[in-house]
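These protein sequences, in sequence, are chains R and B.
Start counting the first sequence at 6; every next residue gets the next number (the numbering used here).
Start counting the second sequence at 24; every next residue gets the next number (the numbering used here).
Below: the structure, in structure tokens.
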Amino acid sequence: MNIHEYQAKELLKAYDVPVPVGGVAYSDKQAAQVAEDIGGSKWVVKAQVHAGGRGKAGGVKLVHSIDEVKKTADGMIGSHLVTHQTGPEGALVHRVWVEQASHIKKEFYLGLVIDRATQRITVMASSEGGTDIEEVARSSPEKIVKEVVDPAIGLRDFQCRKIATAIGLKGRLMPHSVKLMKALYRCMRDRDALQIEINPLAIVSVGEEEKLLVLDAKLNFDDNALYRQRGITDLRDLAEEDPKEVEASGHGLNYIALDGNIGCIVNGAGLAMASLDAITLHGGRPANFLDVGGGASPEKVTNACRIVLQDPNVKAILVNIFAGINRCDWIALGLIQACNHLQIKVPLVVRLAGTNVEEGRRILAESGLAFITAENLDAAAAKAVAIVNE
Amino acid sequence: MSIFVDKHSRVIFQGFTGEHASFHAQDAIGIGTNVVGGVTPGKGGTMHLGLPVFDTVAEAVAATGADVSGVFVPPPFNADALMEAIDAGIRVAVTIADGIPIHDMVRLQRYRIGRDAILIGPNSPGIITPGECKVGIMPSHIYRKGNIGIVSRSGTLNYEATEQMSVLGIGISTSVGIGGDPINGTDFVAVLKAFEADPETQIVVLIGEIGGPQEVAAARWAQKNMSKPIVGFVAGVSAPPGRRMGHAGAIIASESDTARAKMDTMEALGLYVARNPAHIGQTVLQAMREHGIKP
């Protein structure tokens with residue numbers, strides 16, 4: 006689960022992580038009020054959407070007057086921000102974050118991830134802040150330093166000092182950075198975060214003094230742990246998610262919209278991916294990924310059909326079920342129920358295998374409905390592709 | 024022979040009296056698995072499926088000599104149940120649970136250091152040695168005895184490959200699902216190592232997915248250390264980057280995470296690769312012919 010930048014900054018502030026003074030606003034008037042309340046002479050207005058790449062897309066603006074804050078917020082709120090992560094339709098901006106602009110002297114990258122190779126939390130840092138870390142990893146991997154954390158011991162001060170030294174944080178900034186890194190680690194562990202990305206972490210000057218400030222923060226949380234993280238669950242913004250995906254998850258289905266025209270209903274994530282692959286290898290384009298999971302009832306199958314058909318591009322549906330804990334007879338009943346309730350106008354190609362397969366096939370055959378059956382995965386994909394290419 | 028479990032395995036189920044454990048314990052008994060009891064805290068001293076129920080794994084092990092446990096405990100409590108199994112001296116712990124918090128897995132993997140137990144899963148279909156022992160949720164009737172080892176992340180894709188082979192008259196020595204989560208107990212390399220040492224297994228089918236470095240690590244290890252041919256497949260050539268494809272671990276975060284990159288590496292390292300998920304069975308047959316292996 007992702008959260009907005011303003012939520013991330015508010016959460017980190019509770020861990021004593023230094024973040025800019027700012028506030029969230031849902032209208033241009035509110036934005037002006039926030040700027041007045043926090044004071045200063047320069048502000049940054051930032052569109053709050055989950056997608057990355059906001060800066061380049063015009064979603065982050067430096068302004069010099071309250072009037073400009075108001076105008077900028079007015080331009081952002083209600084508009085669609087198109088970044089490289091949103092797709093051409095963009096993301097609707099519901100709110101902005103207004104903060105005091107900082108005098109930035111240097112920018113760094115600081116990230117905490119769960120590294121799959123070591124199976125541990127790993128702190129990564131780079132002196133190349135403000136840029137795409139993937140790009141740094143490609144072009145100059147030596148500029149990224151890493152420390153792996155033993156979960157039984159936790160992140161140690163000396164590890165933080167190693168990182169600070171490697172990226173060039175010296176003097177009073179060294180102990181400050183140790184405190185900051187340890188706070189991020191505590192937040193990651195205690196709130197079941199999958200990832201915390203601070204990009205950039207900046208050295209800013211306040212008068213004669215230099216200090217560290219988190220200018221942007223991206224936090225991602227473990228869906229599987231939300232049951233014990235009520236405070237985090239409350240931060241979920243459904244408006245940022247695909248409504249079909251939200252509806253599907255409410256029915257215990259895992260749905261991901263794609264841009265093709267063959268709808269897919271499959272059980273199991275691996276077989277679902279392989280079914281999309283088989284369609285692609287036959288020259289077709291899948292419209293979605295959909296995993297009905299284990300123990301799919303007829304109702305669940307009907308819901309799956311309804312969600313797939315909400316996509317107007319769907320010209321045929323491929324149903325591929327290899328029943329282990331599922332039952333082919335239930336799947337068949339679900340498909341018949343779906344045909345009767347939803348007036349499905351596109352052809353359904355059905356491949357059933359595994360538990361109760363004979364019963365499932367018999368139910369489909371005796372229904373009198375025009376299912377196109379297939380013996381195996383290859384035949385099913387070929388038939389579905391042939392239909393949409395007609 | 025086989026790997027990890029066989030007819031000598033003494034199996035218990037944790038969460039024994041629950042619906043899923045009951046169903047799959049009965050199915051396991053049906054194919055000849057030596058199920059010796061189960062654990063449900065608070066129900067110790069009762070009987071279930073004609074077998075004794077214990078409050079703790081330690082008691083179950085002491086009374087029955089159990090060495091394998093199927094952990095059918097809900098995800099929030101699963102990591103704790105696995106530690107209990109390991110603490111009690113269980114040799115192979117199998118967890119089906121989909122949805123264990125990843126920080127629980129980080130701690131569990133730390134706990135396993137210095138302890139020998141084999142952990143299969145989480146988010147796994149389990150393990151089956153056909154005709155001898157099943158600890159999992161796979162449809163046991165599709166698995167026939169043979170000389171091909173299977174290791175996969177996915178359950179249903181494991182069934183798919185098994186059926187493709189079955190149609191061609193090819194059977195299985197042991198099938199292991201390591202699970203679809205980003206952190207698995209036993210990884211591909213550990214399973215390959217066991218298959219290499221198993222005289223009954225002559226070819227290994229390795230079925231991976233997008234996301235993570237495990238498939239490539241396994242292929243590199245195999246090239247240096249395995250004498251037996253491997254047939255690889257990686258699901259997700261059509262998966263878009265940055266999206267979790269059902270499994271928590273199936274996400275393309277970098278170029279090396281893609282299915283194509285993984286299969287290219289496998290091929291370059293000398294593995295047989297089925298580029299099409301429908302051709303896994305045929306590719307196994309080809310490998311058998313080229314190595315003079317009979318089903």
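Glycine included, each C-beta is placed from N, C-alpha and C at the ideal position.
8 angstroms Cβ cutoff, residue i in contact with chain R
i	result
R167/B	no
P263/B	yes
M289/B	no
M268/B	yes
T179/B	yes
E183/B	yes
E223/B	no
G259/B	yes
R319/B	Residue 319/B lies beyond the stretch modelled for chain B, which goes from 24 to 318, so this question has no answer here.
E232/B	yes
R13/B	There is simply no residue 13/B to check, as chain B begins at 24 and stops at 318 in what is shown.
P252/B	no
A51/B	no
G41/B	no
N241/B	For the sequence presented, residue 241/B should be read as Ala rather than Asn. Judged by the 8 angstroms Cβ criterion, A241/B is not in contact with chain R.
M161/B	yes
E238/B	no
Where residue i falls, given that 16 or more other Cβ within 10 Å makes a residue buried
i	result
Q49/B	exposed
D21/R	exposed
Y166/B	buried
Y11/R	buried
D210/B	buried
P75/B	buried
N2/R	Since the first and last residues shown for chain R are 6 and 395, residue 2/R lies out of range.
V190/B	exposed
Q348/R	exposed
R121/R	buried
L185/R	buried
S92/B	buried
M24/B	exposed
H175/B	Contrary to the premise, residue 175/B reads as Ser rather than His in this sequence. Buried.
G339/R	buried
R312/B	exposed
C213/R	With the sequence shown as reference, residue 213/R is identified as Glu, and Cys is not the correct amino acid for it. So E213/R ends up on the exposed side.
N248/B	exposed
Closer than 8 angstroms to chain B by CB, residue i
i	result
I330/R	yes
N229/R	yes
V334/R	In the sequence on display, residue 334/R carries Asp and not Val. By this cut-off, D334/R is not an interface position.
F376/R	no
P146/R	no
A169/R	no
F327/R	yes
A389/R	no
D155/R	yes
Assumed close pair residue i, residue j - CB separation to whole angstroms, cut-off 8 angstroms
i	j	result
G359/R	F327/R	5 angstroms
I336/R	L357/R	7 angstroms
I233/B	A282/B	5 angstroms
E82/B	G61/B	Not really, about 11 angstroms apart at Cβ, beyond 8 angstroms.
A36/R	A78/R	3 angstroms
L86/R	V54/R	6 angstroms
Proximity test, residue i beta-carbon vs the ligand NAP heavy atom, cut-off 7 angstroms
i	result
T87/B	Looking at this structure, you won't find the ligand NAP or any other ligand, since it has none at all.
- Item | 4-residue-minimum alpha helix (DSSP H) runs that sit fully inside the stretch 186-272 of chain B, ordered along the chain | 211-220, 237-248
- Item | chain B contacts made by the stretch 266-288 of chain R, where a contact means CB separation under 7 angstroms | N272, G273, A274, G275, L276, A277, M278, A279, L281, D282, A283, T285, L286
- Task: Run through the stretch 63-87 of chain R for me and flag every whole beta strand (DSSP E) of 3 or more residues, listed as ranges in chain order.
- Result: 65-68
- Message: Which complete beta strand (DSSP E) runs does the stretch 188-251 of chain R hold, if anything under 3 residues is left out?
- Response: Complete beta strand (DSSP E) runs here, min 3: 198-211, 214-219, 222-226.
- Query: For the stretch 122-140 of chain R, which residues have a CB atom closer than 9 angstroms to at least one CB atom of chain B, in sequence order?
  - Reply: A122, Q124, R125, I126, E139
- Short-range partners of chain B found in the stretch 94-119 of chain R, where Cβ spacing is below 7 angstroms: I119
- Enumerate, from N- to C-terminal direction, the unbroken beta strand (DSSP E) stretches of 3 or more residues contained entirely within the stretch 275-332 of chain R. Counting whole runs of 3 or more residues, the stretch 275-332 of chain R contains the beta strand (DSSP E) stretches 293-296, 321-328.
- Any residues in the stretch 232-247 of chain R with a beta carbon nearer than 8 angstroms to a beta carbon of chain B? Which ones, in chain order? Answer in chain order: Y232, R233.
- Item | Chain-ordered residues of the stretch 83-111 of chain B with a beta carbon less than 9 angstroms from chain R | P98, P99
- Query: In the stretch 290-317 of chain R, which residues sit with their C-beta less than 7 angstroms from some C-beta in chain B, listed in chain order?
  - Reply: P291, F294, D296
- Item | Interface positions of the stretch 245-264 of chain R facing chain B (Cβ-Cβ less than 8 angstroms), listed along the chain | N259, I261, L263
- Message: Taking beta-carbon pairs under 8 angstroms, can you tell me which members of the stretch 185-205 of chain R lie near chain B?
- Response: R194, D197, L199
- Query: Residues in the stretch 348-382 of chain R with C-beta within 9 angstroms of chain B's C-beta atoms, listed in sequence order?
  - Reply: A358, G359, T360, N381, L382
- Output, in sequence order along the chain, the residues in the stretch 59-91 of chain R whose CB is closer than 8 angstroms to any CB in chain B. Q90
- Task: Any chance you could list the alpha helix (DSSP H) runs of at least 4 consecutive residues sitting entirely within the stretch 344-389 of chain R, in chain order?
- Result: Runs of the alpha helix (DSSP H) lying entirely within the stretch 344-389 of chain R, each at least 4 residues long, are 362-371 in chain order.
- Pull out every residue of the stretch 125-148 of chain B whose Cβ sits closer than 7 angstroms to any Cβ of chain R, in chain order. I125, H126, V129, R130, Q132, R133, P148
- Using Cβ-Cβ distances below 7 angstroms, what residues of the stretch 298-313 of chain B are close to chain R? N299, P300, A301
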